[in-house]
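Q: Note that the protein sequences, when read in sequence, are chains A and B.
Heads up, the first sequence is in this note's numbering, so the first residue is 11 and it goes up one at a time.
Heads up, the second sequence is in this note's numbering, so the first residue is 512 and it goes up one at a time.
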Amino acid sequence: MFLEIIIVIILGCLAGVVTGITPGIHINMVSLLVVSSSAYLLNIFSLPSLGVFIISMAITHTFLDIIPAIFLGAPNAETALGVLPGHRLLLRGMGYEAVKLTVTGSLLGLILALMLFPLFIFLVPKIYESLQIYMGWILLAVVIYMILDERGLNAKFWAFLVFALSGILGIITLTMPNLNQPLFPLLSGLFGLGMLIVSLTKNVEIPKQNITDSISVGKWETAKSLFSGVFSGSLVSFFPGLGPAQATILGSQIAGKLKTYSFLILVGSVNTVNMAVSLVSLYTLNKARNGAVLAIKEIITAIDTNILILFVASILLASGIAAFLALYLAKLFAKIMEKVNYSFLCVSVIIFVALMVFYFSSWIGLLILTAATSIGIIPNLTNVKRSHSMGCLMLPVILFFIL
Amino acid sequence: MQEKNLLKIALISSLLGLLILYLISNIMQIKEYGAENIIPDNEDDFIKIKGVVSNVVDKEKVAVIKILQPKELTVLLFKKDNKTMPVKQGNEIEVIGKVNQYENKNEVIADKVRVVR
Chain A
11 MFLEIIIVII
21 LGCLAGVVTG
31 ITPGIHINMV
41 SLLVVSSSAY
51 LLNIFSLPSL
61 GVFIISMAIT
71 HTFLDIIPAI
81 FLGAPNAETA
91 LGVLPGHRLL
101 LRGMGYEAVK
111 LTVTGSLLGL
121 ILALMLFPLF
131 IFLVPKIYES
141 LQIYMGWILL
151 AVVIYMILDE
161 RGLNAKFWAF
171 LVFALSGILG
181 IITLTMPNLN
191 QPLFPLLSGL
201 FGLGMLIVSL
211 TKNVEIPKQN
221 ITDSISVGKW
231 ETAKSLFSGV
241 FSGSLVSFFP
251 GLGPAQATIL
261 GSQIAGKLKT
271 YSFLILVGSV
281 NTVNMAVSLV
291 SLYTLNKARN
301 GAVLAIKEII
311 TAIDTNILIL
321 FVASILLASG
331 IAAFLALYLA
341 KLFAKIMEKV
351 NYSFLCVSVI
361 IFVALMVFYF
371 SSWIGLLILT
381 AATSIGIIPN
391 LTNVKRSHSM
401 GCLMLPVILF
411 FIL
Chain B
512 MQEKNLLKIA
522 LISSLLGLLI
532 LYLISNIMQI
542 KEYGAENIIP
552 DNEDDFIKIK
562 GVVSNVVDKE
572 KVAVIKILQP
582 KELTVLLFKK
592 DNKTMPVKQG
602 NEIEVIGKVN
612 QYENKNEVIA
622 DKVRVVR
């Protein structure tokens, strides 16, 4: 069994690399594929092994998915807020360093979260019901604070407008019937294509990417990012409708003013911690809060302590492998970026994303992409925080909890 | 954090994971039994057992398989979708399931049945 587990962890990590670096392909799709093929796969692997494959893939994905977000400007829900700070570093020739910062957040945040697992397992059943009542109001308070935090009445107005427009678009998109992969056009437009179009108009050129080890974040700044990332990433993993995007906003408010480097550590830690700690929801509440954990629940109907320990150990091994892979692939991407004309790359990514959106979501998806891109350009032009565009997910969730 | 320190932490995490995996996989390993070794204390234990099929009664919702191990043992397989059993007399099969006591006799309620040959 030990050898079988090692093999599935390696296969899971490889699958996570593919899903992580390919925009538009999400672990939920592969997890669903595993569930539908489980009858055949159980002739080859045991039940726990299939669960280990999914969790290894999911954890690796959270380490790697920042790479297309930073180098290609093609984020997903989990990395959307990391695009702008990551892109800033890319424009300074430090794309690799940006990835290294998120890997730092992912690895250290994950280790910290795993150490806190016994505490989570003890606390979650006790506080879940009472916290759920206040969750909507907490998020509303965070949003109001973020808007009021903008300097000047003009900026506050634009921040509110971006939040409201993206929120309305989010509600329309997420409630649209028969729409496949609604998040892909929504978030690609709001956070990816908007930025790429602005880069094209400004004739941005990506400078030579340096593979350096020069960025140093103070211990206190790192600790602040990690603890707020672990706290917010864990908190939202227990509730329906919340994910790393909302956790990043919550975490950034808890941590206070974060510089670019610390923010990237936060983004990395929230993303990975959220995935790992969602296992606690499954173990204590028997509730699945994301696609990967739902797939595990479909395959392994009941998680006992032995299975949980197996998953934790698999996460430790997969995270070690994923950290190596992320740093290696980031170096590869950095070298490739030097040889590619950035304007050509931007146009290629825009066309690729548009084609993927059309493939998954047809003409409606393209319409959403266009609307989202139009809204996504506003923060660039008005100098308000891009995070207000997260209204696309925050507003539906706030209304879900409050109404 | 410097890259070399990050890689050191990644290596330690991997090794720790490997160690825990080795220990937990030994605990979780389903033990292979012979029919004569199953004792009443094994009730509710998950076991693995191989044997040659001596008789199959294939009903709508359950298949009752008798295997020779060489001692005869009854295996019950509750079917999820009423399909005909692919197991025939003479097949060697591997069964993973839970031990059950019925009328003072051991039987196995199968989770998984695999035809070896």
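Quick reminder that beta carbons are idealized off the backbone N, C-alpha and C, glycines included.
I'd like to know whether the C-beta of I620 of chain B is nearer than 9 Å to at least one C-beta of chain A.
A: no
Q: So, at 6 Å on beta carbons, what are the nonlocal neighbours of G30 of chain A in its own chain, with the 5 sequence-adjacent residues on each side left out?
A: Residues H71, L74, D75 of the same chain have their beta carbon placed closer than 6 Å to that of G30 of chain A, with the five preceding and five following residues left out of the count.
Q: Tell me the residue span of the alpha helix (DSSP H) that contains V573 of chain B.
A: Where V573 of chain B is concerned, there is no enclosing alpha helix (DSSP H), although the beta strand (DSSP E) around it starts and stops at 573–579.
Q: According to DSSP, simplified to helix, strand and coil, what is T32 of chain A?
A: coil
Q: Below 8 Å between beta carbons is the criterion; list the residues of the stretch 568–587 of chain B that meet it against any residue of chain A, in chain order.
A: Contacts with chain A (Cβ-Cβ distance below 8 Å) from the stretch 568–587 of chain B involve no residue at all.
Q: Can you check the stretch 288–347 of chain A for any beta strand (DSSP E) of at least 3 residues that lies completely inside it and give the ranges in chain order?
A: none
Q: Where does S56 of chain A fall in DSSP's three states?
A: coil
Q: What does E605 of chain B pair with, by DSSP beta-bridge criteria?
A: B:K561, B:R625
Q: Using the C-alpha atoms, what's the distance from V303 of chain A back to F321 of chain A?
A: 11 Å
Q: At the level of alpha carbons, what is the spacing between L122 of chain A and V394 of chain A?
A: 33 Å
Q: Along the chain, where does the alpha helix (DSSP H) containing F368 of chain A start, and where does it finish?
A: 352–392
Q: Using a Cβ cut-off of 7 Å, which residues of the stretch 263–284 of chain A contact any Cβ in chain B, in chain order?
A: none
Q: Starting from E514 of chain B, find everything on chain A with Cβ-Cβ shorter than 8 Å and list it in chain order.
A: K110, D223, L337
Q: So if DSSP puts L94 of chain A in a beta bridge, which residue, or which two residues, is it bridged to?
A: The partner list for L94 of chain A (beta bridge, DSSP) is empty, contrary to what the question assumes.
Q: Closer than 7 Å by beta-carbon distance: list the chain A residues that pair up with Y533 of chain B, in chain order.
A: Going along chain A in sequence order, the residues near Y533 of chain B (Cβ under 7 Å) are F12.
Q: Alpha carbon to alpha carbon, what distance is there between K582 of chain B and K616 of chain B?
A: 12 Å
Q: Nearest-angstrom Cα distance between D223 of chain A and Q513 of chain B?
A: The straight-line gap from Cα to Cα measures roughly 6 Å.
Q: Kindly list the residues whose CB is nearer than 7 Å to the CB of G180 of chain A, restricted to its own chain and excluding five residues on each side of it in sequence; keep chain order.
A: Once the five neighbours on either side are set aside, the close Cβ partners of G180 of chain A are L196, G401, C402, L403, L405, P406.
Q: Using 8 Å for Cβ pairs, my map puts S176 of chain A next to L158 of chain A. What's the rounded Cβ distance?
A: That pair is no contact at about 18 Å.
Q: Would you list the one or two residues that DSSP bridges to D75 of chain A?
A: Bridge partners of D75 of chain A: none, in fact.
Q: According to DSSP, is E614 of chain B part of a helix, a strand, or is it coil?
A: coil
Q: According to DSSP, is V568 of chain B helix, strand or coil?
A: strand
Q: Less than 9 Å separating the beta-carbons of C356 of chain A and S209 of chain A?
A: yes
Q: Counting contacts by CB-CB distance shorter than 9 Å, is V322 of chain A in contact with chain B?
A: yes
Q: Answer yes if the stretch 513–529 of chain B comes into contact with the stretch 106–116 of chain A, meaning at least three C-beta pairs across the two stretches below 8 Å, and no otherwise.
A: yes
Q: Per the DSSP calculation, V586 of chain B is bridged to which residue(s)?
A: When DSSP reads this structure, V586 of chain B sits in a beta bridge with B:I576, B:V619.
Q: Give the secondary structure of V227 of chain A by DSSP, where H, G and I count as helix, E and B as strand, and everything else as coil.
A: Look at V227 of chain A here: in three-state DSSP terms it is coil, with no helix or strand label.
Q: At the 9 Å Cβ level, is K623 of chain B part of the contact set with chain A, yes or no?
A: yes
Q: If you compare alpha carbons, which of B:Q612, B:L529, B:S524, B:L522 is closest to M11 of chain A?
A: B:L529
Q: G562 of chain B CB to nearest chain A CB: under 9 Å?
A: no
Q: In the DSSP assignment, the alpha helix (DSSP H) including S176 of chain A goes from what residue to what residue?
A: 163–184
Q: Excluding sequence positions up to five away, which residues of its chain have a Cβ less than 6 Å from the Cβ of D622 of chain B?
A: I607, G608, listed in sequence order.
Q: Indicate whether I207 of chain A and I346 of chain A have their beta-carbon atoms separated by less than 9 Å.
A: no
Q: If we call anything under 9 Å between Cβ atoms a contact, is V363 of chain A one with L377 of chain A?
A: no
Q: Once the 5 residues before and after V283 of chain A are set aside, which same chain residues still bring their CB inside 7 Å of it?
A: G119, L120, A123, G239, V240, G243, S244
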